[in-house]
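Participant: Chains as they are written, first to last, in my numbering: chain U, 39 to 195; chain H, 39 to 195; chain A, 39 to 195.
Backbone N, C-alpha and C fix where the C-beta goes; we use that ideal spot for every residue, glycine too.
Computed from a predicted model, the values in this text were never measured in an experiment.
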Amino acid sequence: IRVGTGFDVHAFAEGDHVWLGGLRIAHDRALSGHSDADVALHALTDAILGAIGAADIGAHFPPTDPQWRGASSDRFLAHAASLVAARGGTIVHVDLTIVCERPKVGPHRAAMVERIAAILGVAADRVSVKATTTEGLGFTGRREGIVAQAVATVRLP
Amino acid sequence: IRVGTGFDVHAFAEGDHVWLGGLRIAHDRALSGHSDADVALHALTDAILGAIGAADIGAHFPPTDPQWRGASSDRFLAHAASLVAARGGTIVHVDLTIVCERPKVGPHRAAMVERIAAILGVAADRVSVKATTTEGLGFTGRREGIVAQAVATVRLP
Amino acid sequence: IRVGTGFDVHAFAEGDHVWLGGLRIAHDRALSGHSDADVALHALTDAILGAIGAADIGAHFPPTDPQWRGASSDRFLAHAASLVAARGGTIVHVDLTIVCERPKVGPHRAAMVERIAAILGVAADRVSVKATTTEGLGFTGRREGIVAQAVATVRLP
Ligand SMILES: [Mg+2]
Ligand SMILES: [Mg+2]
Ligand SMILES: [Mg+2]
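(1) Heavy atom of ligand 2 less than 8 Å from the Cβ of residue 46 of chain H, yes or no?
(2) Residue 56 of chain U versus chain A: which residues are under 9 Å apart at the beta carbon?
(3) If the cut-off is 7 Å on Cβ atoms, which residues from the region 127-155 of chain A count as contacting chain U, listed in chain order?
(4) In the DSSP output, which residue or residues are listed as bridge partners for residue 142 of chain A?
(5) Which value, in whole angstroms, describes the spacing of the CA atoms of residue 16 of chain H and residue 100 of chain A?
(6) Which full runs of the beta strand (DSSP E) of 3+ residues lie inside the region 57-96 of chain H, going along the chain?
(7) Please name the residue in A:165, A:104, A:83 whose C-alpha comes closest to that of residue 94 of chain A.
(8) Provide the residue(s) that pair with residue 112 of chain A in DSSP beta bridges, ordered along the chain.
(9) Which residues share a DSSP beta bridge with residue 151 of chain H?
(10) For residue 45 of chain U and residue 176 of chain A, which I take to be in contact (beta-carbon distance under 8 Å), what is that distance rounded to the nearest angstrom?
(11) According to DSSP, is residue 176 of chain U helix, strand or coil?
(12) Would you mind telling me which residues of chain A sit closer than 9 Å to residue 115 of chain H, beta carbon to beta carbon, in chain order?
(13) My understanding is that residue 91 of chain A touches residue 74 of chain H, with C-beta atoms under 8 Å, so please give their C-beta distance in whole angstroms.
(14) Pull up the distance between the alpha-carbon of residue 64 of chain U and that of residue 56 of chain U, whole angstroms please.
(15) Quick one: measure Cβ to Cβ for residue 49 of chain A and residue 183 of chain A, integer angstroms, because I've assumed they're closer than 8 Å.
(16) For residue 102 of chain A, go through chain H and note every residue whose CB falls closer than 8 Å to its CB, in chain order.
(17) Check whether the region 128-137 of chain U touches the region 135-144 of chain H, counting contact only when three or more Cβ pairs, one atom from each stretch, lie closer than 8 Å.
(18) Using DSSP with H/G/I as helix, E/B as strand and the rest coil, what is residue 54 of chain U?
(19) Flag residue 75 of chain H as yes when its Cβ comes closer than 8 Å to any non-hydrogen atom of ligand 1, and as no otherwise.
(20) Please determine, among H:43, H:165, H:86, H:58, the residue with the shortest C-alpha to C-alpha distance to residue 121 of chain H.
(21) Could you work out which residues of chain U lie near residue 175 of chain A, taking near to mean beta carbons separated by less than 8 Å?
(22) Under 9 Å between C-beta atoms, does residue 118 of chain H make it to chain A?
(23) List the whole-angstrom C-beta distance separating residue 188 of chain H from residue 132 of chain H, where the pair is believed to meet the contact cut-off of C-beta under 8 Å.
(24) Could you check if residue 88 of chain H is buried or exposed, using at least 16 other CB atoms within 10 Å of its CB as the buried criterion?
(25) Between the region 140-160 of chain A and the region 154-161 of chain U, are three or more C-beta pairs nearer than 8 Å?
(26) Roughly how many whole angstroms lie between the Cα atoms of residue 47 of chain A and residue 170 of chain H?
(27) Which first and last residues belong to the beta strand (DSSP E) in which residue 187 of chain H is found?
(28) Cα separation between residue 123 of chain U and residue 115 of chain U?
Structure follows, in structure tokens:
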């Protein structure tokens, strides 16, 4: 068993929806970034890469590379999962924490779990999605952006 | 083995003590929140819930529910432990990190370990409490609030 | 298997290099702290201490103790590894995340992995180093300091 963690931040910008946990969620702001800026899938991707020692999402998908402009982050996460499989490993569990005041994550939790499980090719009971706020403090409290952190439990042969 | 993490923040308000790690600690500020605002026990609760994929503390104990006003956070953590037991699992280890300039956590570490172990029903050598600061940076550096993060190692059948 | 996490922050100050991940890296700022302020090795040290329930880096190496002034953080990390060995345990995996806008970590990743593996006495494929930014937000976005977080997977008998 090896455990990795991921951490990511994206800032809010003008827009009417965010991509979060693989879902398109209506919101009065968007998240800025070179890809679809799905901060939650990025943190999960890094957690899995960290568990297998395969560098980080920026090494695999450089934000300076035009081919990833607007890319769906599903492919980043699926790539990390494929690297685990290529080493004969399995993803035992992933746990995601989304930190923001808005949008509210709770109403989307079950759908995020299903979506992430589908991308990873694991049972939904091996995927956890949680949310919290910073009680008005810091940049998440000022609604300047969203933080996501993730932890992946991976079995390698 | 499945691993979950928890993260929580509570802001300082007027008062003369904080609840932290299950202990009442004299301080020149209090922590604000609907319950007793024990940010450390909240992070631990979320870490355990994350390891077993049981949503988050806000889903189990909504801050909008008046029955949790001023509630001791012991019951939140004990509830998470009971969910592990109900699935036939065991809590292998929990590790807590408290981030603040004040109060000083070190003098209370041993008592927190004992208290958390008692709430979880595990041996004290399966509970870790650590503390650090952000060296004056950010909202913890400005003494606006306390951050707690936790990681739980859980065995499920 | 027991899992611990570590978190540390050091602020930038005047200088021409930082110690980061066991490496001396040329930079237009330094990191301030009592030791060499290697925030990455400090987070790793705390992650290992957390996994074995051995308090935290501040308890072992108090910043108020003059003997640690300017100390190389290698010895802090090596001490944590020695405590694992003394309990008959093994370090299965460590995963480090460095959060800053600058210096760029990517060009140093491979050397950091080698250096950390050497300090810990483990194979390099059991060490992961990742980096990310906060996209201009918060104190890391304002380039006031560097955050490091780490997770250690440890086997105890
Ligand atoms: Mg990102
Ligand atoms: Mg709370
Ligand atoms: Mg330090």
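Facilitator: So, from the data block:
(1) yes
(2) Near residue 56 of chain U there are no residues of chain A at all, since even the closest Cβ is about 14 Å away, more than 9 Å.
(3) Here the close residues are 130, 131, 133, 135, 137, 144, 147.
(4) Partner(s): none; residue 142 of chain A has no beta bridge.
(5) Residue 16 of chain H falls outside the range modelled here, since chain H spans only 39 to 195, and no answer is possible.
(6) 61-64
(7) A:83
(8) Bridge partners of residue 112 of chain A: none, in fact.
(9) Paired residues: none, contrary to the question.
(10) No, residue 45 of chain U and residue 176 of chain A are not in contact; Cβ-Cβ is about 12 Å, not under 8 Å.
(11) The answer is helix: DSSP assigns residue 176 of chain U an H, G or I state.
(12) Going along chain A, no residue has its Cβ under 9 Å from residue 115 of chain H, so there is no contact; the nearest lies around 18 Å.
(13) Residue 91 of chain A to residue 74 of chain H, Cβ: 25 Å. No contact.
(14) 7 Å
(15) 4 Å
(16) Those within 8 Å of residue 102 of chain A in chain H number zero; the least Cβ separation is about 11 Å.
(17) no
(18) coil
(19) no
(20) H:86
(21) 47, 49, 177, 182, 183
(22) no
(23) With 8 Å as the limit, residue 188 of chain H and residue 132 of chain H qualify as a contact, their Cβ atoms being about 6 Å apart.
(24) buried
(25) no
(26) Here the alpha carbon of residue 47 of chain A sits roughly 9 Å from the alpha carbon of residue 170 of chain H.
(27) If you look at residue 187 of chain H, you'll find it in the beta strand (DSSP E) that goes 183-193.
(28) 13 Å
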